[in-house]
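In order, the protein sequence lines correspond to chains G and D. Whatever position you read off the first sequence (first residue = 1), add 253 for the working numbering. Whatever position you read off the second sequence (first residue = 1), add 609 for the working numbering. Ideal Cβ placement from N, Cα and C applies to all residues, glycine included. Small disclaimer: the values here were computed from a predicted structure and weren't measured. Okay, so here's the structure we're looking at.
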Amino acid sequence: SQQGEEDPQALSIQEGENATMNCSYKTSINNLQWYRQNSGRGLVHLILIRSNEREKHSGRLRVTLDTSKKSSSLLITASRAADTASYFCATDWGGTASKLTFGTGTRLQVTL
Amino acid sequence: GAVVSQHPSWVICKSGTSVKIECRSLDFQATTMFWYRQFPKQSLMLMATSNEGSKATYEQGVEKDKFLINHASLTLSTLTVTSAHPEDSSFYICSASPGGAKAFFGQGTRLTVV
């Protein structure tokens with residue numbers, strides 16, 4: 254399977270704390286993306302980082318990419334209860350750019 | 610941003626019947642769309658690549674005769690689950706892109722086969 258792995262599988266934090274999720278993948282990539290999924294819903298695109306980039310920011314999100322270790326991390330700062338969701342990394346590695354291989358996901362619970 | 614609409618959101622069908630799920634790109638054309646399946650508390654697994662005007666490309670282990678894909682126009686792909694069985698119960702979700710790596714996903718369809 255080409256599927257990457259994420260850890261932790263589940264993360265529970267209090268509102269205001271930071272949440273860090275890690276993703277490891279198996280093959281060379283062109284891009285790595287992070288998506289969010291609320292329970293039983295579709296996926297929302299959060300951020301895309303290219304293979305030649307090492308760090309990217311978007312609002313309260315910070316993504317890092319280490320291609321030598323085939324890993325990425327997603328940091329959500331100052332978390333809110335509304336951030337409660339599952340987070341997936343997804344990679345594309347050639348051919349059709351939007352054909353994605355997803356990681357196993359991290360379920361984030363942010364409590365008040 | 611680009612919008613992908615999927616219909617229906619949920620469906621319950623009897624074993625042995627067929628179910629059709631539609632995926633539409635509302636504000637862009639997509640020569641390629643993707644179909645994924647997601648079991649509860651698991652990740653998304655790519656089932657097939659839907660190609661406008663040609664046959665779909667299926668991932669290893671996915672039965673093409675069971676999961677029929679038709680991509681007859683640049684804005685519509687359909688997935689038909691034929692002769693559905695309870696083990697086909699899952700969350701099916703499509704994606705498309707107006708270009709580049711960023712994919713836009715439909716809302717997903719929860720299929721329950723009873």
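(request) Report back the beta-carbon spacing between ALA343(G) and LEU353(G) to the nearest angstrom; my notes put them in contact at under 8 Å. (result) Working through the first sequence from its first residue, we reach residue 343(G) at position 90. Working through the first sequence from its first residue, we reach residue 353(G) at position 100. Taking C-beta atoms under 8 Å as the contact rule, ALA343(G) and LEU353(G) qualify, at a distance of about 4 Å.
(request) For ILE630(D), go through chain G and note every residue whose CB falls closer than 8 Å to its CB, in chain order. (result) In the second sequence, counting from the first residue as 1, residue 630(D) sits at position 21. Per Cβ cutoff of 8 Å: no residues; ILE630(D) is ~13 Å from chain G at best.
(request) Return yes when the C-beta of MET642(D) is under 7 Å from any heavy atom of the ligand GDP, and no when it is not. (result) Absence of the ligand GDP is noted for the structure shown, with no ligands found whatsoever.
(message) Looking at the secondary structure, which residues open and close the beta strand (DSSP E) in which TYR288(G) lies?
(response) If you number the first sequence from 1, residue 288(G) lands on position 35. TYR288(G): member of the beta strand (DSSP E) spanning 284–290, first to last residue.
(request) Evaluate contact between the stretch 696–710 of chain D and the stretch 288–304 of chain G, counting only Cβ atoms and requiring at least three cross-stretch pairs below 8 Å. (result) Touching, yes, given that three or more Cβ pairs across the two stretches are closer than 8 Å.
(request) Name, in chain order, the residues that DSSP records as bridge partners for ASP336(G). (result) Position 83 of the first sequence, counting from 1, holds the residue named residue 336(G). Bridge partners of ASP336(G): none, in fact.
(request) With DSSP as the reference, please indicate the residues paired to ALA657(D) in a beta bridge. (result) As a working note, residue 657(D) is residue 48 in the second sequence. DSSP output for ALA657(D) lists TRP644(D) and TYR667(D) as bridge partner(s).
(request) Would you list, in chain order, the members of the stretch 651–668 of chain D that have their beta-carbon closer than 9 Å to a beta-carbon of chain G? (result) Shown in chain order are the members of the stretch 651–668 of chain D whose Cβ falls below 9 Å from a Cβ of chain G: GLN651, SER652, LEU653, MET654, LEU655 and THR658.
(request) Taking C-beta pairs closer than 8 Å, name the residues in chain D that ASN271(G) reaches, listed in chain order. (result) The count along the first sequence starts at 1 and reaches residue 271(G) at position 18. Residues of chain D passing the Cβ test: none, with the nearest at roughly 24 Å.
(request) Flag this pair as yes or no: are the beta carbons of GLU268(G) and VAL363(G) separated by less than 8 Å? (result) Position 15 of the first sequence, counted from the first residue, corresponds to residue 268(G). Position 110 of the first sequence, counted from the first residue, corresponds to residue 363(G). Cβ distance < 8 Å, so GLU268(G) and VAL363(G) count as in contact.
(message) If the cut-off is 7 Å on Cβ atoms, which residues from the stretch 631–648 of chain D count as contacting chain G, listed in chain order?
(response) Taking 7 Å as the Cβ-Cβ cut-off against chain G, the residues of the stretch 631–648 of chain D that qualify are THR641 and PHE643.
(request) Using a Cβ-Cβ cut-off of 8 Å, state whether PHE676(D) counts as contacting chain G. (result) Counting from 1 along the second sequence, the entry for residue 676(D) is found at position 67. Cβ-Cβ to chain G under 8 Å: no for PHE676(D).
(message) Helix, strand or coil for ASP697(D)? Go by DSSP, reduced to three states.
(response) What you label residue 697(D) is simply residue 88 of the second sequence in a count that begins at 1. In the three-state reduction of the DSSP assignment, ASP697(D) falls in the helix class, which pools H, G and I.
(message) Against chain D, does HIS310(G) count as a neighbour if the rule is that its beta carbon must be under 8 Å from one of theirs?
(response) Taking the first residue of the first sequence as position 1, residue 310(G) is located at position 57. So, not an interface residue.
(request) With distances taken Cα to Cα, identify the nearest neighbour of GLN651(D) among GLY257(G), HIS310(G) and SER311(G). (result) Indexing the second sequence from 1 puts residue 651(D) at position 42. With distances taken between Cα atoms, GLN651(D) lies closest to GLY257(G).
(request) Just the C-alpha distance for THR684(D) and GLU270(G), rounded to the nearest angstrom, thanks. (result) Your numbering for residue 684(D) matches position 75 in the second sequence. Your numbering for residue 270(G) matches position 17 in the first sequence. Looking at the two C-alpha atoms, the distance is approximately 42 Å.
(message) Just to confirm, is the Cβ distance from SER614(D) to LEU635(D) under 8 Å?
(response) On the second sequence, residue 614(D) is found 5 positions in, with the first residue counted as 1. On the second sequence, residue 635(D) is found 26 positions in, with the first residue counted as 1. Taking C-beta atoms as the reference points, SER614(D) and LEU635(D) count as a pair closer than 8 Å.
(request) Compare the Cα-Cα distances from PRO617(D) to each of GLY709(D), ALA710(D) and PHE700(D) and report the closest residue. (result) Working through the second sequence from its first residue, we reach residue 617(D) at position 8. Considering only alpha carbons, the answer is PHE700(D).
(request) Go to ARG360(G), then tell me how far its beta strand (DSSP E) extends in each direction, as first and last residue. (result) Position 107 of the first sequence, counted from the start, is the residue given in the question as residue 360(G). Where ARG360(G) is concerned, the enclosing beta strand (DSSP E) stretches over 359–364.
(message) Just to make sure I have the definition right: I need the residues of chain G whose C-beta is within less than 8 Å of the C-beta of ILE702(D). Which are they?
(response) Residue 702(D) sits at position 93 when you count from the first residue of the second sequence. Under the 8 Å cutoff, chain G gives GLY295 and LEU296.
(message) Within the continuous beta strand (DSSP E) that includes VAL690(D), where are the two ends?
(response) Here residue 690(D) refers to the residue found at position 81 of the second sequence. Judged by DSSP secondary structure, VAL690(D) falls within the beta strand (DSSP E) whose first and last residues are 685–690.
(request) Within the same chain, show all residues whose beta-carbon is closer than 8 Å to that of PHE676(D), passing over the 5 residues directly before and after it, in chain order. (result) For the purposes of this step, residue 676(D) is taken as residue 67 along the second sequence, with counting starting at 1. Counting only residues of its own chain and dropping the five nearest sequence neighbours on each side, PHE676(D) has a CB closer than 8 Å to the CB of TRP644, MET656, ALA657, TYR667, LEU688, THR689, VAL690 and THR691.
(request) Could you tell me the distance, in whole angstroms, from the CA atom of ILE226(G) to the CA atom of ALA334(G)? (result) This structure cannot speak to residue 226(G), because chain G is shown only from 254 to 365.
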